[in-house]
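Those letters in the sequence shown? Residues 1 to 201, by the working numbering. We put the beta carbon where it would ideally sit given N, CA and C, even for glycine. Here the structure is laid out as structure tokens; the discussion comes afterwards.
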Amino acid sequence: MILLIDNYDSFTYNIAQALGVLGRSLEVRRNDAIGLQEIQDLAPEAIFISPGPGRPEDSGITCAAIERFAGRMPIMGVCLGHQALAEVFGAQVVRANRPVHGKISQVFHDGKGIYSGLRNPFAAARYHSLIVPEASVRPPLSVSAYTSEGEVMGLRSSELMLEGVQFHPESIATHQGMMIFTNFLDLYLGRARTAAAQAGS
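Next comes the structure, spelled out in structure tokens:
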């Protein structure tokens, strides 16, 4: 089962639909309707963190969930979820030079992790007014994707099983968006099961 934390955003249901198409059972909870202990009791295979309005610190359980479960289960953050990953691990989240809502950008990537097998660059839909400056990104996170203007579009910590995307893979305007979700699940769920089995042996 996958837990999807809903940051009060309509795109949440597009993510839920995409994961459902991939055959995954799903639990969707609002960011103020679940606590850390309940997440632990649910024992999800992975956590997805949705887009949403506002800043990461205003997104309910989101940042606390990242702090508690990073490295223990795979976490993928989309838009606000991506910004929350950045903030938890010491990067800045600042207002972009210009807001983008419904803009299609070419996203360049490192060809690893969730980008394995994708075109480079590929077209992606963006809806955001905040951004993570590359100069503020520090370990364990690294930049995995960016625009032609150098804006950070992806963050990763393979060691901690974290992936963040500033764009919207669930949008029909993002090419190969479903492949991004598939890559995340294929790459990290197997690793998480292996780690859990080793911890229990």
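Simplified DSSP assignment, three categories, for residue i
{"i": "V21", "result": "helix"}
{"i": "N97", "result": "strand"}
{"i": "H82", "result": "helix"}
{"i": "A192", "result": "helix"}
{"i": "G111", "result": "coil"}
{"i": "S116", "result": "coil"}
{"i": "F122", "result": "strand"}
{"i": "L3", "result": "strand"}
{"i": "T174", "result": "coil"}
Between the CA atoms of residue j and residue i - distance to the nearest angstrom
{"i": "A65", "j": "P121", "result": "32 Å"}
{"i": "F89", "j": "P74", "result": "15 Å"}
{"i": "F167", "j": "E87", "result": "17 Å"}
{"i": "L36", "j": "I61", "result": "8 Å"}
{"i": "I5", "j": "R29", "result": "5 Å"}
{"i": "G54", "j": "G23", "result": "31 Å"}
{"i": "E57", "j": "N14", "result": "24 Å"}
{"i": "L85", "j": "I49", "result": "9 Å"}
{"i": "R98", "j": "T194", "result": "43 Å"}
{"i": "V152", "j": "H82", "result": "10 Å"}
{"i": "L211", "j": "Q40", "result": "Any answer about residue 211 is impossible in this case: the structure gives the chain only from 1 up to 201."}
For residue i: DSSP bridge partner residues
{"i": "E163", "result": "M76 and R156"}
{"i": "H168", "result": "In DSSP, H168 forms no bridge with anything."}
The ligand MG heavy atom lying under 7 Å from the CB of residue i
{"i": "V78", "result": "Ligands are entirely absent from the displayed structure, and the ligand MG is therefore not among its contents."}
| Whole runs of the alpha helix (DSSP H) within the stretch 5 to 66, excluding any shorter than 4 residues | 11 to 21 and 36 to 42
Between the stretch 171 to 183 and the stretch 124 to 133, can you find at least three pairs of beta-carbon atoms closer than 8 Å? yes
- Query: Is it true that the stretch 144 to 162 meets the stretch 105 to 117, where meeting means three or more beta-carbon pairs spaced less than 8 Å apart?
  - Reply: yes
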